[in-house]
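Have a look at the structure below, then the notes.
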Amino acid sequence: VQNISNKPIFIVGCERSGTTVVRLILHTHPNIAIPPQTKILKKLYKRRLIFRDLSKKQNRSKIAEYITSNYDKKTKLVDLGVDPHNIHQKIQSSGNSIGAIGAIIFQEYAKKHHKLRWGDKRPYYIKYLRQLLHLFPDAQIIHIIRDPRDAVASLLSMSWWKKNLMNSILNWKEAVRRGSIMKKHLPSDQYFELRYEDFIDNPEQWIRQICGFLNEEFYPQMLQFQTTAETAIPDYKMEWHSATKQALSAKSIGRWKNDLTRQEACIVEKITGKEMIDYGYQLSANGNSMSFAEYIQYVITAIQYYGNAYFVSGADRILEIIYPWAMGYMVKNGYDD
60 VQNISNKPIF
70 IVGCERSGTT
80 VVRLILHTHP
90 NIAIPPQTKI
100 LKKLYKRRLI
110 FRDLSKKQNR
120 SKIAEYITSN
130 YDKKTKLVDL
140 GVDPHNIHQK
150 IQSSGNSIGA
160 IGAIIFQEYA
170 KKHHKLRWGD
180 KRPYYIKYLR
190 QLLHLFPDAQ
200 IIHIIRDPRD
210 AVASLLSMSW
220 WKKNLMNSIL
230 NWKEAVRRGS
240 IMKKHLPSDQ
250 YFELRYEDFI
260 DNPEQWIRQI
270 CGFLNEEFYP
280 QMLQFQTTAE
290 TAIPDYKMEW
300 HSATKQALSA
310 KSIGRWKNDL
320 TRQEACIVEK
330 ITGKEMIDYG
340 YQLSANGNSM
350 SFAEYIQYVI
360 TAIQYYGNAY
370 FVSGADRILE
380 IIYPWAMGYM
390 VKNGYDD
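Encoded structure:
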């Protein structure tokens, strides 16, 4: 395959908001390949100072070795089914930045499927869009938003989700906050926002709009995405993605009415009420209110949640500032030879 597109597609949003369905639909497109989610981009970005100046071959060899030696379940790279030795060689010859190296990995996946364009689906990228766009300035972002009550109810039912109700609510709230910030700063041809409920109500209309946003042709077979689920989703993930084997359905909309208690639903609405109204979600007005103990629990959880988030963000900003200086210092003093 020649002329792989330099406009990658990133599907983001709060977990359990429909990002996997959108990924499968786009993966069904004859021009687009979006693999099962991996952890490799974030791992590479966090270690960028360790790999140093990637214009030097010995450093490219170092990062190539890191990737091939971590071709396992921890990075999820093994789920892509691409040849690690081929990736190793290409990184050594042309991987002169973290973004270029990440692109090489996903381009190999696209080539494996005989497609010209690659993308990545990782919900928590919504919290790292600034860094993502630093690596891929031409990237196109698709942000999926779901009713917070349904998203929280779904999260709490997942065996891999180890967080409590308050953390789950804050996770949704932060995803929406980050998305609204990027929406204000990115042009309309780079950021696309979609409510899951609207998508389920009229999938063809929204798939056509997504294709228009991506400047890609619409293909009717995209509506039959479930035929690709068997091969496009690893077996160990099928337990929580079993609905992808079936046609789109509205049965999961409003699941919170059965899965959350009245008090849990009240807490979700009290904490996310403003955002729910902003995004067109109707409050249930069930008459309940948060107790003082619940409010204190929320405040404590929020302090911990945002304290950690701002610490990570602040540390990353500091690294961004010192990174060019550190690179220059090492080169000047011969530490990068």
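The sequence shown begins at 60 in our numbering and counts up by one.
Quick reminder that beta carbons are idealized off the backbone N, C-alpha and C, glycines included.
Item                                                                                                       : Value
Residue interval of the alpha helix (DSSP H) (run including Phe-284)                                       : Taken as a continuous stretch (DSSP letters only), Phe-284 belongs to no alpha helix (DSSP H), as it is neither H nor E.
Proximity winner among Cys-325, Ala-368, Leu-139, Thr-79, relative to Thr-97 (alpha-carbon distances)      : Leu-139
Paired residues, beta bridge with Ala-92 - DSSP                                                            : Trp-177
Close Cβ partners of Glu-263 (< 7 Å) along its chain, the five nearest in sequence each way excluded       : Leu-282
Residues that Phe-69 bridges to, as DSSP identifies them                                                   : Asp-179, Ile-200
Cβ pair Cys-325, Ala-210 closer than 8 Å                                                                   : no
Buried versus exposed, by CB contacts within 10 Å (16 or more), Ser-218                                    : exposed
Cβ contact check for the stretch 126 to 146 and the stretch 182 to 191: 3 or more pairs under 8 Å          : no
Straight-line Cα distance separating Trp-265 from Thr-79                                                   : 15 Å
Residue(s) in a DSSP beta bridge with Tyr-357                                                              : Looking at the DSSP assignment, Tyr-357 forms no beta bridge with any residue, so it has no partner.
Residue from Phe-351, Asn-230, Arg-111 whose Cα sits closest to the Cα of Tyr-364                          : Asn-230
Separation of Gln-341 from Lys-329, as counted between CA atoms                                            : 12 Å
Cutoff 7 Å; reference Ala-212; Cβ partners in own chain excluding five residues on either side             : Arg-314, Trp-315, Asp-318, Leu-319
Cβ pair Ile-122, Gly-154 closer than 8 Å                                                                   : yes
Bridge partner(s) assigned by DSSP for Tyr-250                                                             : Ile-200
Per-residue DSSP class, three states only, for Asp-337                                                     : helix
Which listed residue (His-172, Asn-145, Lys-180) has its alpha carbon closest to that of Ile-163           : Asn-145
Classification of Lys-232 by the beta-carbon crowding that lies within 10 angstroms, buried from 16 upward : buried
C-beta contact flag for Asp-260 and Asn-65 at 8 Å                                                          : no
Val-211, enclosing alpha helix (DSSP H) - first and last residue                                           : 207 to 215
Simplified DSSP assignment, three categories, for Ile-312                                                  : coil
Rounded C-alpha distance that separates Ser-372 from Gln-285                                               : 37 Å
CB contact flag (Arg-176, Ile-109, <8 Å)                                                                   : no
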